[in-house]
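Trainee: Chains as they are written, first to last, in UniProt numbering: chain A, 1 to 198; chain V, 1 to 286; chain X, 1 to 795.
Where a beta carbon is used, it is the ideal one built from N, C-alpha and C, also for glycine.
Predicted model only: the values in this text are computed from it and were never measured.
Here it is, the structure, as structure tokens.
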């Protein structure tokens with residue numbers, strides 16, 4: 001039962017060979033075998049999202065995958081973004097909006113947002129809010145996170161590059177109905193059109 | 001919260017997977033997307049001695065139009081369905097739209113249609129859609145055997161199905177288009193398992209409702225059809241708020257929901273009524 | 001102010017003359033954004049082993065057998081220790097009160113024979129990896145002689161109740177009756193109106209996203225046990241560790257690395273961190289324990305389960321005449337260290353009158369013990385609850401008197417300062433009335449009152465609620481001494497040191513765990529010394545580096561720790577001036593600190609950069625004035641005068657109730673707050689928003705219940721519903737500023753306020769929406785079922 005498996009996987013552009021027990025979760029392998037400790041563990045049952053990474057480009061819970069399942073996969077963690085000296089635009093937006101306090105949930109939110117914005121560069125703020133609701137933060141009240149991601153998305157859209165045109169899947173996707181909670185809170189369906197700045 | 005030890009087997013093809021399942025017996029579990037199984041293993045609520053990983057069986061990852069029917073491979077992820085607008089078309093828009101209710105983006109990226117059906121959570125969207133739309137599930141057994149199980153016969157009780165331990169769900173087939181169908185649900189917190197989920201498929205002739213199907217999740221150990229509510233829809237009346245309210249009231253009256261931490265039976269009943277009304281209106285508006 | 005973008009992005013000392021008041025970019029961000037923070041679980045030491053605990057599966061009873069044979073035989077397991085094996089001293093919090101008022105209870109590090117809650121640690125298992133250790137825990141065989149569990153305050157106080165602690169009659173750990181203004185019964189008898197509220201709040205988990213954890217290792221060279229643990233109170237952990245292990249405190253070094261939140265749960269000493277340290281000593285190997293989420297939800301310190309039976313007397317004009325409250329707090333199985341089980345009832349009893357002029361007051365506060373996980377302080381401590389009760393009393397009075405709910409508050413809030421209340425507390429100046437008026441004005445200007453009426457015609461159900469409150473921040477030693485604690489927090493120490501190149505290191509006994517101290521303390525010290533904020537580095541969380549400190553809780557860091565740092569900076573500044581004047585060959589009163597230099601007042605061109613002065617102070621002591629010692633280090637302590645300082649705020653909430661689902665949707669959330677001088681406005685807003693989110697969580701979502709056997713309802717995030725971005729609304733924050741004269745920077749504390757105001761504001765809004773039903777709710781969380789049922793009573 002304690003057999004070890006030799007796996008190869010790509011993490012942040014580097015190929016790794018790892019010898020892991022079958023039951024070792026991917027997040028433990030990333031943190032403790034590869035010593036990439038930026039990805040955090042918050043619940044080990046897929047709800048809090050502190051361990052969110054990109055698996056083949058899509059945000060996924062690293063606590064809900066066994067390392068053996070990651071064989072041949074392309075993994076990206078927070079360490080693949082910018083450095084303290086040269087943070088990427090999303091990291092800068094998080095800092096500018098004070099979208100982190102204790103910072104424990106932050107890598108998960110960054111990777112969630114990176115994956116989401118790559119697929120949905122034209123996401124509206126309410127779509128961003130729905131996407132961001134995948135992860136838990138106990139410090140910020142979420143508003144700064146939503147605004148940081150929205151701000152980053154806007155700036156990316158303004159920048160020249162391939163992300164400027166909505167893709168076909170994106171066009172289809174914007175019709176996704178939001179839950180009743182958000183729909184009811186949308187302007188025109190309950191709120192007076194009030195200026196939000198005093 | 002680390003899982004108990006297990007032996008890991010990676011299947012190369014469907015026959016290989018079923019052969020492994022046959023060989024390993026009841027101690028083995030199929031690992032697809034793992035989004036339901038792995039949390040249970042981390043809590044050690046599930047402790048299979050063997051896991052058969054079917055994650056590489058790419059032949060099970062497909063969405064295929066087959067005449068008026070739609071076939072979805074068991075390994076197709078929720079996210080793939082969510083972004084398959086073109087393949088699904090307006091006929092199966094309900095499937096695409098329902099995906100926004102399945103957990104959150106990261107769960108949808110790995111969680112699979114077949115895994116969801118096999119897990120058989122009574123509030124799961126795929127279970128409810130299968131029951132609503134008379135889907136059938138294709139399972140492969142040992143030595144190349146294959147059978148089809150009607151959704152109505154698939155779910156036995158809490159988290160249990162009629163799929164045998166040596167069988168593998170390979171595909172789910174939705175037999176006919178459902179252009180006027182909708183699924184909606186309520187949970188206290190966005191992305192959670194529904195307290196109650198409701199799905200409706202209306203047969204419309206102009207603005208007259210000729211019939212329809214109504215299904216509910218979270219009100220019984222398995223997803224259920226609300227037959228009395230469907231009777232109301234079969235009366236052939238013009239679609240109206242009153243008709244839908246009557247339909248919803250009939251459903252609320254015929255179910256026998258449990259008390260749960262989310263609320264007592266009466267609360268579930270009221271919720272079912274509200275959600276069916278909403279689902280009817282959404283279906284009508286499609 | 002509605003957005004989270006900073007207001008003053010690029011502060012410059014040379015232009016603004018201060019760093020205080022600017023949204024300086026956070027010092028913590030670069031490492032935390034790039035995955036380079038260092039949290040406890042990120043630490044790996046050579047030969048490190050991994051610990052987990054065998055925990056009680058019954059709520060009450062006696063362990064008849066604890067068999068660790070199979071555990072010790074489990075592959076990968078190194079050792080397993082029970083209470084007998086480790087033989088550690090107990091953790092005991094004491095209040096100096098007569099036996100009729102307080103009963104101390106001993107919390108063993110590992111339960112000996114009696115178990116008192118599900119999840120109580122019985123044995124520590126150590127293994128080579130975190131997987132094998134769980135196999136070992138699973139293999140333990142424990143048999144119990146199960147006893148009936150006490151699972152509610154009612155049950156605990158019943159005549160025939162089994163005793164949770166044999167030395168605590170009536171399961172009561174604290175029972176105090178305070179104030180009892182003379183003639184209060186006559187006031188009630190003669191009053192025009194008496195309103196009564198029975199309110200309750202549910203058990204909650206403070207829920208830092210990082211669970212608790214520790215890495216402990218013996219260091220032969222330093223002859224020290226090095227304990228890296230996520231704690232808000234490093235020196236308290238050191239004291240308890242030394243006592244439990246019977247060692248000098250010198251031989252224990254506690255370090256707190258980056259922390260993923262605490263919110264109070266980590267401001268008490270945990271049993272597990274002591275046990276892990278003891279195991280590390282025993283095994284002569286580093287031992288790591290990381291609490292898993294299941295244990296964090298069921299066996300960590302909880303809070304907030306309280307009930308109030310409160311009456312208030314009013315005259316015909318709506319002036320409050322008297323307040324009488326009976327408060328019962330269900331503190332679970334043990335007293336927490338150092339605060340004791342008195343923490344919640346004493347806070348509530350002492351502070352309940354809040355922002356209102358209450359002429360007569362009587363309160364009874366009790367802490368009862370039950371077979372549930374013990375309680376610790378949680379952000380706001382009792383204030384979310386008693387504020388909710390006060391606000392309910394005023395709401396109810398407003399209905400009975402036919403007064404507008406805001407108007408009745410206006411007639412009662414304290415408007416002249418300093419004000420000494422019936423609770424013998426003196427309030428420093430605040431903006432109680434101003435915040436209330438501004439908040440109401442904002443709601444009116446946005447048209448919510450009209451919108452509510454219009455939508456009512458369309459069958460939609462909106463409600464508007466307010467909460468006006470204050471919060472004592474910066475509790476002085478005197479304040480804690482009044483509680484009769486034998487371990488009296490209050491003061492804090494800070495050291496400011498300039499190195500030979502002119503760089504600054506500040507130490508503080510406070511402990512950042514998300515509050516941005518590295519940024520705000522640098523701002524404070526840089527402003528005092530006239531130096532670039534980037535050259536100031538804060539060090540905390542190390543009992544060897546920091547001479548002493550009480551840590552971070554009760555919104556004390558910037559008020560007390562920040563003041564100590566200010567004073568230490570001033571002392572260092574005085575020395576810089578003294579040396580500078582000497583070197584510039586001018587009079588001591590002819591120099592000032594400016595932009596990284598000592599300059600001559602009468603000739604700004606004559607100046608000496610700090611680096612040159614520092615060089616002299618260390619490398620050229622021969623050039624120093626005769627009366628001056630070498631080096632540039634200054635230390636100061638600060639303990640607030642009197643009763644500390646009170647921050648205040650008014651919150652307004654607009655909700656919509658959905659009759660089909662019972663869902664409470666928050667359409668608008670406004671906050672007008674006054675925390676004195678804001679060191680960093682963006683950080684202040686962050687504290688408000690985060691606090692409000694936790695308050696909403698308590699108002700609408702989170703609760704831990706227990707069944708009749710004492711089995712907790714929540715073992716996962718499926719059951720414990722921490723709200724997400726989809727549930728928490730945007731919050732618009734407006735600032736009023738009453739500079740505080742009791743603290744060095746003029747700041748008041750801001751860490752807890754948001755959490756305090758939200759439950760009352762949400763509850764009042766829901767009740768406003770429920771007005772047509774005649775139903776008023778008085779319990780949190782407000783569940784969808786409760787709302788749906790109430791709405792069925794609509795006419």
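One question on the structure: do residue 667/X and residue 651/X come within less than 8 Å of each other, judged by their Cβ atoms?
Mentor: no
Trainee: Apply the 10 Å Cβ neighbour rule to residue 268/V and answer buried if 16 or more other Cβ atoms are within range, or exposed otherwise.
Mentor: buried
Trainee: Is it the case that the Cβ atoms of residue 352/X and residue 363/X are separated by a distance below 8 Å?
Mentor: yes
Trainee: Could you check if residue 135/A is buried or exposed, using at least 16 other CB atoms within 10 Å of its CB as the buried criterion?
Mentor: buried
Trainee: Between which two residues does the alpha helix (DSSP H) containing residue 62/V stretch?
Mentor: From DSSP, residue 62/V is part of no alpha helix (DSSP H); its letter is neither H nor E.
Trainee: Beta-carbon of residue 686/X versus every beta-carbon of chain A: anything under 8 Å?
Mentor: yes
Trainee: Determine the direct distance from the alpha carbon of residue 202/V to that of residue 208/V, and round the result to whole angstroms.
Mentor: 10 Å
Trainee: Could you tell me whether any Cβ in chain A is nearer than 8 Å to the Cβ of residue 682/X?
Mentor: Under the Cβ criterion of 8 Å, residue 682/X is counted among the residues facing chain A.
Trainee: Please report how far the alpha carbon of residue 11/A lies from the alpha carbon of residue 456/X, in whole angstroms.
Mentor: A direct Cα-Cα distance of roughly 56 Å separates residue 11/A from residue 456/X.
Trainee: Less than 8 Å between CB atoms is the rule here; does residue 92/V satisfy it with respect to chain X?
Mentor: Interface residue (Cβ-Cβ distance to chain X less than 8 Å): residue 92/V is not classified as such.
Trainee: Kindly identify the DSSP beta-bridge partner or partners of residue 58/X.
Mentor: Note: residue 58/X sits in no beta bridge, so no partner.
Trainee: Does the beta-carbon of residue 52/X have 16 or more other beta-carbons within 10 angstroms, so that it is buried, or is it exposed?
Mentor: buried
Trainee: Taking buried to mean at least 16 other C-beta atoms within 10 Å of its own C-beta, is residue 148/V buried or exposed?
Mentor: exposed
Trainee: Identify which residue in 510/X, 576/X, 190/X and 86/X has its Cα closest to the Cα of residue 267/X.
Mentor: 510/X
Trainee: Which stretch, first to last residue, makes up the alpha helix (DSSP H) that contains residue 618/X?
Mentor: 610 to 619
Trainee: Using the beta-carbon count (16 or more within 10 Å), is residue 788/X buried or exposed?
Mentor: buried
Trainee: Considering only C-alpha positions, which residue in the set 677/X, 658/X and 665/X is nearest to residue 648/X?
Mentor: 677/X
Trainee: In terms of residue numbering, what span does the beta strand (DSSP E) encompassing residue 217/V cover?
Mentor: 208 to 217
Trainee: Are the C-beta of residue 276/V and some C-beta of chain A separated by less than 8 Å?
Mentor: With 8 Å as the cut-off, residue 276/V does not count as an interface residue toward chain A.
Trainee: Can you give me, in chain order, the residues of the region 100 to 113 of chain V that have a beta carbon less than 7 Å from any beta carbon in chain A?
Mentor: Contact residues of the region 100 to 113 of chain V toward chain A are 100, 104, 105, 106, 107, 109 and 110 (C-beta to C-beta distance below 7 Å).
Trainee: Let me know if residue 441/X comes out buried or exposed under the rule of 16 or more other beta-carbons within 10 Å of its beta-carbon.
Mentor: exposed
Trainee: Do residue 293/V and residue 128/V have their C-beta atoms within less than 8 Å of each other?
Mentor: Missing from the structure shown is residue 293/V; chain V here goes from 1 to 286 and no further.
Trainee: One question on the structure: do residue 136/V and residue 173/V come within less than 8 Å of each other, judged by their Cβ atoms?
Mentor: Result yes, Cβ atoms of residue 136/V and residue 173/V sit closer than 8 Å.
Trainee: Taking Cβ-Cβ distances below 9 Å as the criterion, which residues of the region 203 to 219 of chain X are in contact with chain A?
Mentor: 206, 207, 208, 209, 210 and 211
Trainee: Just how far apart, CA to CA, sit residue 212/X and residue 602/X?
Mentor: 57 Å
Trainee: Could you compute how far the alpha carbon of residue 81/A sits from the alpha carbon of residue 150/A?
Mentor: 18 Å
Trainee: At the 8 Å Cβ level, is residue 271/V part of the contact set with chain X, yes or no?
Mentor: yes
Trainee: Can you list, in chain order, the residues of the region 239 to 265 of chain X whose Cβ is nearer than 9 Å to any Cβ on chain A?
Mentor: 258, 259, 260, 261, 262 and 263
Trainee: Does the distance from the CB of residue 37/A to the CB of residue 258/X come in under 8 Å?
Mentor: no
Trainee: Show which residues of chain X have a CB atom less than 8 Å away from the CB atom of residue 23/A.
Mentor: 131
Trainee: The region 4 to 26 of chain V: which residues have C-beta closer than 8 Å to a C-beta of chain A, in chain order?
Mentor: 4, 5, 6, 7, 8 and 10
Trainee: List, in chain order, every chain A residue whose beta-carbon is nearer than 8 Å to that of residue 87/V.
Mentor: Near residue 87/V there are no residues of chain A at all, since even the closest Cβ is about 10 Å away, more than 8 Å.
Trainee: Would residue 383/X be called buried (16 or more neighbouring beta carbons within 10 Å of its own) or exposed?
Mentor: buried
Trainee: Could you name the residues of chain V that residue 719/X contacts, counting a contact when the two beta carbons are closer than 9 Å?
Mentor: 261
Trainee: Assuming residue 725/X contacts residue 145/A under a Cβ cut-off of 8 Å, what Cβ separation, rounded to an integer in Å, is found between them?
Mentor: 7 Å
Trainee: Say whether chain A places a C-beta atom closer than 8 Å to the C-beta of residue 32/X.
Mentor: yes
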